[in-house]
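Asks: This is the structure I have questions about; it appears just below.
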Amino acid sequence: MPPLLFFLLLLLPHRRLLTSAAAGGNWDLLHPNIGVSAMHMQLLHTDRVVIFDRTDFGASNISLPAGKCRRDPSDTALTVDCTAHSVEYDVASGTVRPLMVLTDTWCSSAAVLPDGTLVQTGGFNDGDRAARIYKPCSDGSCDWQEINLALAQRRWYATNHILPDGREIIVGGRRQFNYEFYPKKTAAEKVINLPFLAQTNDQKIENNLYPFVFLNVDGNLFIFANNRAILFDYVNAVVVKNYPAIPGGDPRNYPSSGSAVLLPLKNSSGAEVLVCGGAPKGSYVSANKGKFLEALDTCGRIRTQDQNPQWVMETMPGPRVMGDMVLLPNGDVLIINGAGSGTAGWELGRDPVLSPVIYRPDNPIGSRFEVQSSSSTPRLYHSTAILLRDGRVLVGGSNPHTYYNFTGVDFPTDLTLEAFSPSYLNSTYTSMRPKITSPVSQSKIGYKQQLGVGFTVSSGEVNGNSVIVTMVAPSFATHSFSMNQRLLVLGGGNLTKVGINSYQIRVVTPDSGQVAPPGYYFLFVVHQNIPSEGIWVQIN
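Structure representation (C-alpha cells):
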C-alpha cells in the first residue's frame, strides 16, 4: 500500500468497529492500526492522547508528514527515518496524527506540568538525558520540542512524579541510585543520592527499575522498589519511615513488573497503597532459559501513616505479571493486561491474561475481586491502559520483540487501540447516570474552597448519601505503572434539589498541593456507584 494512502486511512475515524459484550463490561475496537505500538500513553486536557514507543524499532507503520524525516547518526536501527514513532490520538474523532520525536524514548518516563504541558524525560542512547516538551493544542499544530542534556544524569527506567510546587521529581533509573528535578531552580542544582535504590538493587536482575512512587498526604514520597518501601523526605534527603518487606519477599518492580496504585484519598482516612502481581524471584533468569514460572497472584495493601504499618495480603483470581492498574471514577481499581507466567523482557511472557479484574477497595476482604469479560487481544510486554474522561479505559500496545514483528511469532506486535467499558457504562444504568451541568469543563479551582457541582439525573429521587464527587489525575502509563495516578473523594451528602431532576452538591476542594498537586484533573459526580462523564478542572 502506498505510504500516503496508508497515512490517509489512519486518519479516518475507526470507532466501535468490533464490539463484544458481557455482564462484566464491554470491549470495543477503536482503531485497527495507529502506526506505533502504545508503549507509553498520556491523556491531555484537550482529550487527545499522546502515544509513543521507541525510535530504534526500525520503521513504524505511519509516515511523517511529507518532507519530514528524522536524521540521527547514533540511532541503532535507522539513521534516516521518515516514519513517526509518536502519534496523537483524538478521542472524539478516533483519528491519529503523526508526531516527530528526534531522540530515543525507549523506556522513558513523564509527567504533566500544572499548565497541562507534558514533559517526558530520559530514554535510551542519545535520549537518555533529554527532555521532550509537548504543549497541547486543538488545531493540529503542536509537536514535540526537545532539550538535549536537560537532565544531570541519564534516566532509563526512571519514575516521574509531580510535586506540590509543580515541578517533576525524577527518581532512579538503570544504575542511577539518585533523583533530580525538572525544571531545575538553578543551573547548579545537582542530583541527590538515594541509597535505598542501591540497597534494593540486585546486581544480576535490577528488580528496582520503574520504582512505584506516590506523593503521600504529608508531602513525603512513598517509594517502593523490589520488595521494600520507604517514606522519604525528598527535600532533606531523609528516610522518614522504613516499611516491612512485602510478605513472601518476591520482587514487584521491573522486570518482575507487578503494578501499584495509591488507593482513593478520603478526608480522614489517610493514604493506602495497593501492590498487585509480579513475578517470583528468579523468574527473569528462568525465562531466559526457556522455563516460564507462574506469576504472582497476591496483592499487598498498606496504610502509609500507621505507627506500625503492616502489609495485608490478598489473593487475586489468578496470577498476573505486566498488568496495569487503573483507578476508575467510582473508586474501584481495574487490573488489566499482562501474562500468567514469565516476566517482562523480550519474548519472556507467556499465557496472556485476557480477563480484567475489578478490585473494590471498600468491600470486606475476601469479596473485593470480580472477574470481567475477556478481550481477544493479548496485551503482554509494552502494553498500556489509561482512563478516559467518559469512564472508558483506553488499552493499547504489546510488542515483546526487539523490532516490529507481525508474523511467525507467538505474540505479534500489536498496533490496535481498544476500549474497555466497565459495567457502570451499561445502558441499563442510563437513568441513574448523572450529567454535570456546572461548573463548565476547563474551569479553574483553588485549594480549600467550597465548590458547588450541579448535575441532573433523569429519573428517580436522588439521596444525598448516594452521591459523591471525585477528582482523578490522568496518569502517564508505561511498563505496568501509571505515574501520577491519583483519585480524591471530595465528599458527599451536602445535596440540594434545585429543579426537576436537577441537584447541586457542595464539596470542599483539596487542602493543598500535598493532597492534590497542581494541574488538570477529571471531576466526576458518582451516583449509586455510577459515574457521570467527567469534566476537566485545573487546580492551582
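Using mature numbering (1 follows the signal peptide of the UniProt record, and there is no 0), the letters of the sequence shown map in sequence onto residues -21 to -1, 1 to 519. Using N, Cα and C, we set each Cβ at its ideal position, and we do this for glycine too. Small disclaimer: the values here were computed from a predicted structure and weren't measured.
With residue 238 as the anchor, note down where its beta strand (DSSP E) starts and where it stops.
Replies: Per DSSP, residue 238 belongs to the beta strand (DSSP E) from 238 to 241.
Asks: Got a sec, what are the start and stop residues for the alpha helix (DSSP H) residue 264 sits in?
Replies: Taken as a continuous stretch (DSSP letters only), the alpha helix (DSSP H) holding residue 264 covers 262 to 267.
Asks: Using alpha carbons as the reference points, say which of 383, 338 and 317 lies closest to residue 360.
Replies: Per the Cα distances, 317.
Asks: For residue 30 and residue 283, I'd like the C-alpha separation in whole angstroms.
Replies: Roughly 33 angstroms separates the two Cα atoms.
Asks: What does a CB cutoff of less than 6 angstroms around residue 452 pick up in its chain, not counting 5 residues either side in sequence?
Replies: Excluding sequence neighbours, residue 452 sits near 463, 465 and 500.
Asks: Which same chain residues end up closer than 7 angstroms to residue 490 when comparing Cβ atoms and leaving out the 5 residues on each side of it in sequence?
Replies: Same-chain partners within the cutoff: 426 and 427.
Asks: For residue 426, write down the residues that DSSP places opposite it in a beta bridge.
Replies: Bridge partners of residue 426: none, in fact.
Asks: Looking at C-alpha atoms only, which residue of 71, 11, 38 and 92 is the closest neighbour of residue 520?
Replies: Residue 520 is absent from the structure shown; the chain starts at -21 and stops at 519.
Asks: List the endpoints of the continuous beta strand (DSSP E) containing residue 21.
Replies: Segment 19 to 22, the beta strand (DSSP E) holding residue 21.
Asks: Quick one: what does DSSP say residue 52 is sitting in, helix, strand or coil?
Replies: In this structure, residue 52 counts as coil in the three-state DSSP scheme.
Asks: Determine the contact status of residue 502 and residue 514, defining contact as a CB-CB distance below 8 angstroms.
Replies: Closer than 8 angstroms, so yes.
Asks: With 16 other CB atoms within 10 Å as the buried threshold, where does residue 207 fall?
Replies: Burial call: buried.
Asks: Using only alpha-carbon positions, find the residue among 185, 232 and 227 that is nearest to residue 202.
Replies: Selected option, being the one with the closest Cα: 232.
Asks: DSSP state of residue 104, grouped into three classes?
Replies: Helix, per DSSP.
Asks: How many angstroms separate the CA atom of residue 374 from the CA atom of residue 40?
Replies: The alpha-carbon atoms of residue 374 and residue 40 are separated by roughly 19 angstroms.
Asks: Alpha helix (DSSP H) containing residue 175: first to last residue?
Replies: 174 to 178 is the extent of the alpha helix (DSSP H) around residue 175.
Asks: Which same chain residues end up closer than 7 angstroms to residue 508 when comparing Cβ atoms and leaving out the 5 residues on each side of it in sequence?
Replies: Counting only Cβ-Cβ distances below 7 angstroms, and skipping sequence neighbours, we find 309 and 403.
Asks: In terms of residue numbering, what span does the beta strand (DSSP E) encompassing residue 347 cover?
Replies: Per DSSP, residue 347 belongs to no beta strand (DSSP E) and is neither H nor E.
Asks: Run the CB neighbour count on residue 298, radius 10 Å, all protein chains shown included, and call it buried at 16 or more, exposed below.
Replies: Buried.
Asks: Using a Cβ-Cβ cut-off of 7 angstroms (strictly less than) and excluding sequence neighbours within five positions of residue 80, which residues of its own chain qualify?
Replies: The answer, listed in chain order, is 31, 34, 64, 65, 111 and 123.
Asks: Evaluate contact between the segment 474 to 483 and the segment 311 to 326, counting only Cβ atoms and requiring at least three cross-stretch pairs below 8 angstroms.
Replies: Not touching, per the Cβ criterion.
Asks: Straight-line CA distance for residue 209 to residue 321?
Replies: So the alpha carbons of these two residues sit roughly 28 angstroms apart.
Asks: Taking the alpha carbon of residue 179 as the point to measure from, which residue in 510, 155, 12 and 506 has its own alpha carbon closest?
Replies: Closest by alpha carbon: 155.
Asks: So residue 399 and residue 6 are supposed to be a Cβ contact under 8 angstroms. How far apart are they, rounded?
Replies: With a Cβ gap of about 6 angstroms, residue 399 and residue 6 count as contacting.
Asks: Quick one, which of 87, 116, 55 and 241 has its alpha-carbon nearest residue 467's?
Replies: The residue with the shortest Cα to Cα distance from residue 467 is 241.
Asks: What residue does the beta strand (DSSP E) around residue 515 start on, and which one ends it?
Replies: Run containing residue 515: 514 to 518, per the beta strand (DSSP E) assignment.
Asks: Following the continuous beta strand (DSSP E) through residue 333, name the residue where it begins and the one where it ends.
Replies: Premise fails: residue 333 is in no beta strand (DSSP E) and is neither H nor E.
Asks: Buried or exposed: residue 68, going by 16 or more other Cβ atoms within 10 Å of its Cβ?
Replies: Result: buried.
Asks: If you follow the beta strand (DSSP E) that residue 544 is part of, which residue opens it and which one closes it?
Replies: Nothing about residue 544 can be reported from this structure: the residues present for the chain run from -21 to 519 only.
Asks: What does DSSP give as the partner residues of residue 214 in its beta bridges?
Replies: In DSSP, residue 214 forms no bridge with anything.
Asks: By the 10 Å Cβ neighbour count, where 16 or more other Cβ atoms means buried, how is residue 344 classified, buried or exposed?
Replies: Label assigned to residue 344: exposed.
Asks: Residue 506 and residue 436: beta carbons closer than 8 angstroms?
Replies: Yes, the Cβ-Cβ distance between residue 506 and residue 436 is below 8 angstroms.
Asks: Taking the Cβ atom as the reference point for each residue, do residue 175 and residue 218 lie within a distance shorter than 8 angstroms?
Replies: Contact: yes.
Asks: What first and last residue would you give for the beta strand (DSSP E) that runs through residue 65?
Replies: Unbroken beta strand (DSSP E) run through residue 65: 65 to 69.
Asks: From the DSSP secondary-structure annotation, give me the bridge partner or partners of residue 58.
Replies: Answer is none; residue 58 lacks a bridge partner.
Asks: To the nearest angstrom, how far is it from the Cα of residue 389 to the Cα of residue 37?
Replies: Spanning the two alpha carbons is a distance of roughly 20 angstroms.
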